[in-house]
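The listed protein sequences correspond, in order, to chains S and A.
Sequential numbering of the first sequence, starting at 304, is according to my numbering.
Sequential numbering of the second sequence, starting at 304, is according to my numbering.
Cβ atoms here follow ideal geometry from the backbone N, Cα and C, with glycine treated the same way.
For clarity, every value in this text was computed on a predicted model and none was experimentally measured.
Number of protein chains: 2
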Amino acid sequence: MKVSILGHGVVGKGVWEMLQANSGYTVRTVLVKKGEKTEDFMTESFDDVLVDDSELVIECMGGIDPAFEFTSKCLEAGKSLITSNKALVAAHGIDLMNIANRKGVSFIFSAACGGAIPILQNLLRARKTDSIIWAGGILNGTTNFILDSMDCKGTSFDDALAEAKRLGYAEANPTADISGMDTMRKVMLISMVAYDILPNFDYNIEGIESVSAADFEVARSLGCTIRLVGKCGLSDSGRLYAYVEPVVCSMAEAYYSIHSNTNLAQYTGKNAGLMSFMGQGAGRYPTASAILRDVTSVAEGQKQMLSPKCLVGFACNSSKECEHKYFVRTDAESMKALSSKIETEKVVCEKDGLVFAITKAVTVKDMHDAAAEVRRKGANIFFAAAKEA
Amino acid sequence: MKVSILGHGVVGKGVWEMLQANSGYTVRTVLVKKGEKTEDFMTESFDDVLVDDSELVIECMGGIDPAFEFTSKCLEAGKSLITSNKALVAAHGIDLMNIANRKGVSFIFSAACGGAIPILQNLLRARKTDSIIWAGGILNGTTNFILDSMDCKGTSFDDALAEAKRLGYAEANPTADISGMDTMRKVMLISMVAYDILPNFDYNIEGIESVSAADFEVARSLGCTIRLVGKCGLSDSGRLYAYVEPVVCSMAEAYYSIHSNTNLAQYTGKNAGLMSFMGQGAGRYPTASAILRDVTSVAEGQKQMLSPKCLVGFACNSSKECEHKYFVRTDAESMKALSSKIETEKVVCEKDGLVFAITKAVTVKDMHDAAAEVRRKGANIFFAAAKEA
């Protein structure tokens with residue numbers, strides 16, 4: 304199979320190396336950045352890829368512009384497409400699926416969610432004969448690395464982030480990681496594959512910007528640590544829910560044992576029960592390995608991971624499937640105001656003017672809304688799901 | 304697709320129910336035990352299945368005789384075959400693969416290893432473009448249930464086994480589970496799929512017959528618990544190794560957090576890194592869900608999980624990849640004799656005439672051979688891999 308690659312950075316170079324090591328594949332053209340062409344097979348002009356005789360293009364550039372323009376042109380030119388670009392698929396996956404269907408070529412994106420972890424392909428296989436009750440997990444290595452370092456090594460947030468950058472886990476601009484947006488994009492991909500619904504922006508995303516050493520200290524006193532988790536699922540009435548938020552989890556929960564930049568993707572099938580997949584969620588060779596598995600899938604004839612039925616839909620985070628307790632830390636005055644909307648089950652401790660409490664069960668929507676209200680008044684608040692605390 | 308089912312027990316009935324719930328499949332004939340025919344679609348005579356117009360037969364009888372006769376006849380009659388029967392595939396997988404290839408039909412057996420966990424299909428996909436360094440894990444729910452109950456609840460071996468039987472995890476005759484043979488059969492399937500080699504009987508199998516409450520007590524004092532693990536892999540020189548043995552594992556290891564009858568299947572890919580899959584390793588609906596995923600695969604055209612190159616091969620458990628420390632418990636005299644062959648690194652404790660020690664690193668073959676020697680002299684010994692103890 305003749306293959307071209309868009310991008311020669313961390314992932315693109317790994318894909319190129321793995322294709323060299325596997326027989327049956329010839330790399331035609333590799334699109335590199337201006338001034339980085341060092342080999343004959345490289346080009347700095349996208350048009351060279353468009354007119355070459357490759358049957359399959361692998362996009363490893365990242366970002367939406369010009370990735371969307373380039374990938375849609377490749378599909379229009381009758382080339383199959385593999386991408387590891389979650390921002391691209393979250394923003395334009397349905398557009399790309401439609402072009403690919405019209406042209407009769409493949410559009411596959413396993414590596415865009417979970418890195419080496421084959422969660423999307425396994426969900427796609429499972430949903431054909433089982434009902435997926437919910438799916439999600441720890442889907443961002445950078446934030447997990449930061450949370451794990453803060454808890455296990457007592458590192459400050461800023462030092463942990465700097466270390467994550469040094470190790471190549473975090474981007475130069477880590478806003479999408481820290482804010483939970485990267486996790487949400489992966490949840491969007493999961494939701495498209497599992498439910499044929501791309502959740503629109505009526506969902507709740509809480510990242511890890513607010514977490515502090517004191518939160519870990521109090522969580523530890525409860526036998527817990529803190530992780531960032533994204534989830535989506537269907538309520539009993541068939542409505543989609545989708546959200547991202549920190550979770551205070553005990554040793555009995557699988558999240559607890561996910562360390563460093565490891566990811567954990569899970570789903571519960573009505574028949575299969577809880578299924579968990581752990582592995583490297585990012586990095587050159589793990590991501591390249593997922594892309595190479597997709598190359599095999601394309602070679603074997605897989606056309607799509609998305610159904611033509613896939614549509615944008617509203618996520619509703621106020622169903623009973625979205626109800627749980629929360630661990631909350633804020634100042635005494637804000638906690639008092641919060642308590643008028645969300646009942647406190649118990650105060651865990653008070654120190655330095657801060658109150659740490661466990662709420663009664665509320666919906667995700669109500670908790671995220673209440674926290675936004677506290678912040679609108681200029682106060683700080685940290686909250687995390689606390690199912691077992 | 305027209306489907307017939309051999310067997311209407313725990314798994315067969317689950318498959319039947321799931322096929323009813325999915326459109327696109329019609330169940331033609333279900334083979335039941337003598338005296339159990341209660342519906343028109345059931346038969347007590349295998350010949351009725353052989354002559355019906357089903358394109359696919361799902362074998363859920365268990366055992367080798369008459370399962371091998373029935374399944375090979377179905378393949379010869381041009382019907383595709385799905386089975387969850389690990390004993391059948393370990394004993395006759397290569398024979399069945401050859402018949403299926405000759406007749407151009409499918410032979411798929413995901414559910415025979417790991418229950419709901421899709422380890423075999425994911426290994427098959429991964430190995431096409433990555434090198435599988437090793438694969439294995441906690442592959443038997445009955446033994447994990449017993450070990451977990453002994454550690455977490457202080458249950459005796461016999462009570463835990465009785466409870467496992469009551470809950471339907473253990474067979475009336477649990478010898479294959481307890482001896483490690485069931486785990487080894489699953490390792491054999493993994494080895495066939497990952498390496499095209501069916502390990503012959505020159506391997507080392509240690510089950511959980513020798514484990515005692517005292518072993519858990521001492522393991523706990525080291526911050527560890529005990530699990531039963533099966534593994535296979537390739538040495539640097541390309542030789543296969545394959546073995547089953549208890550493992551003393553610390554909280555830092557994934558094995559530690561596998562409770563009750565959950566299974567954990569893992570592999571390390573040269574590029575993907577360590578990949579872990581957790582889920583229900585047995586039970587009606589988990590196993591049926593894996594079979595239904597295979598039904599989709601057959602419907603989509605998958606023919607084989609085994610390569611025509613797959614052959615019986617010798618497993619060699621004396622390579623450096625098979626070297627690690629061991630936790631050993633035996634009487635003082637036997638420990639002295641053992642120490643002449645396997646160096647002791649430290650004695651953990653001595654009580655009631657028993658010595659608990661950690662050895663220096665030795666090969667799996669040397670440790671299993673030395674333990675067999677102790678037993679030949681009529682003494683008791685328990686040993687478990689202890690990489691981090």
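For Pro611/S, there are no C-beta contacts with chain A under 9 Å, since the nearest C-beta of that chain is about 17 Å from it.
For Ala522/S, no CB of chain A lies under 9 Å from its own CB, so it is not counted at the interface with that chain.
If you check each beta-carbon in the segment 543–555 of chain S against every beta-carbon of chain A, the ones closer than 9 Å belong to Met554 and Ala555.
Per DSSP, the continuous beta strand (DSSP E) segment holding Leu614/A begins and ends at Leu614 to Gly616.
Beta-bridge pairing by DSSP links Asn566/S to Gly582/S. By the neighbour-count criterion, in which 16 or more other beta carbons inside 10 Å mark a residue as buried, Val354/A falls on the exposed side. Within the segment 421–437 of chain A, the residues whose Cβ lies closer than 7 Å to some Cβ of chain S are Pro421, Asn425, Arg428, Ala429, Lys431, Thr432 and Asp433, listed in chain order. If you check the CB distance, Lys431/S and Thr599/A come in under 9 Å. Thr571/A has its alpha-carbon roughly 33 Å from the corresponding atom of Ile500/S. Residue pairing by DSSP places Glu548/A opposite Val532/A in a beta bridge.
When DSSP states are grouped into helix, strand and coil, Gly396/A belongs to the helix group. Of all residues in the segment 562–591 of chain A, only Gly572, Asn574, Ala575, Gly576, Leu577, Met578, Ser579, Phe580, Met581, Gly582, Gln583, Tyr588, Pro589 and Ala591 place a beta-carbon less than 7 Å from a beta-carbon of chain S. In the displayed model, Lys606/S falls within coil according to three-state DSSP, outside both helix and strand. Proximity of chain S to Arg469/A at the Cβ level (cut-off 7 Å) is not reached, the minimal Cβ distance being about 20 Å.
In this structure, the beta-carbon distance from Phe349/A to Val330/A does not fall below 9 Å. Cβ-Cβ separation between Ala370/A and Lys389/A: approximately 11 Å, too far for a contact (criterion under 8 Å). Contact annotation: in the segment 314–338 of chain A, residues whose CB is within less than 7 Å of a CB in chain S are Met321 and Asn325.
Rounded to whole angstroms, the separation of the alpha carbons of Cys363/A and Glu646/S is 52 Å. The segment 344–390 of chain A contains, as complete alpha helix (DSSP H) runs of 4+ residues, the segments 349–354 and 370–379 (chain order). Neighbourhood of Thr647/S in chain A, by CB distance below 8 Å: empty, with the nearest CB roughly 31 Å away. The segment 467–542 of chain S contains, as complete alpha helix (DSSP H) runs of 4+ residues, the segments 478–481, 484–498 and 516–524 (chain order). The beta carbon of Leu595/S sits closer than 9 Å to some beta carbon of chain A.
The criterion of a C-beta distance shorter than 9 Å is not satisfied by Thr374/S and Leu334/S. Three or more Cβ pairs closer than 8 Å define a contact, and the segment 433–445 of chain A meets that threshold against the segment 481–491 of chain A.
Rounded to the nearest angstrom, the Cβ distance from Gly417/A to Ala419/S is 19 Å, too far for a contact under 8 Å. In the displayed model, Gly572/A falls within a strand according to three-state DSSP.
Contact between the segment 490–497 of chain A and the segment 659–673 of chain A is absent: fewer than three C-beta pairs spanning the two stretches fall below 8 Å.
Under the Cβ criterion of 9 Å, Thr346/A is not counted among the residues facing chain S. Ala687/S is bridged by DSSP to Phe630/S. The segment 591–605 of chain S and the segment 581–599 of chain A do not touch, with fewer than three beta-carbon pairs separated by less than 8 Å.
If you ignore the 5 residues before and after Ile411/S, its C-beta comes within less than 7 Å of the C-beta of Ile385, Asp597, Ser600, Val601, Gln605 and Met608, all in its own chain and listed in chain order. Within 10 angstroms of the beta-carbon of Met554/A lie fewer than 16 other beta-carbons, which makes it exposed. Excluding the 5 residues flanking it on each side, Lys628/S has same chain C-beta neighbours closer than 6 Å at Ile661, Thr662, Ala664 and Ala689, in chain order. For Tyr559/S, the nearest beta carbon of chain A is closer than 9 Å to its own beta carbon. Along the segment 599–629 of chain A, the positions whose C-beta sits under 7 Å from a C-beta of chain S are Thr599, read in chain order. Excluding its 5 nearest sequence neighbours in each direction, His562/A has C-beta neighbours in its own chain below 7 Å: Asp451, listed in chain order.
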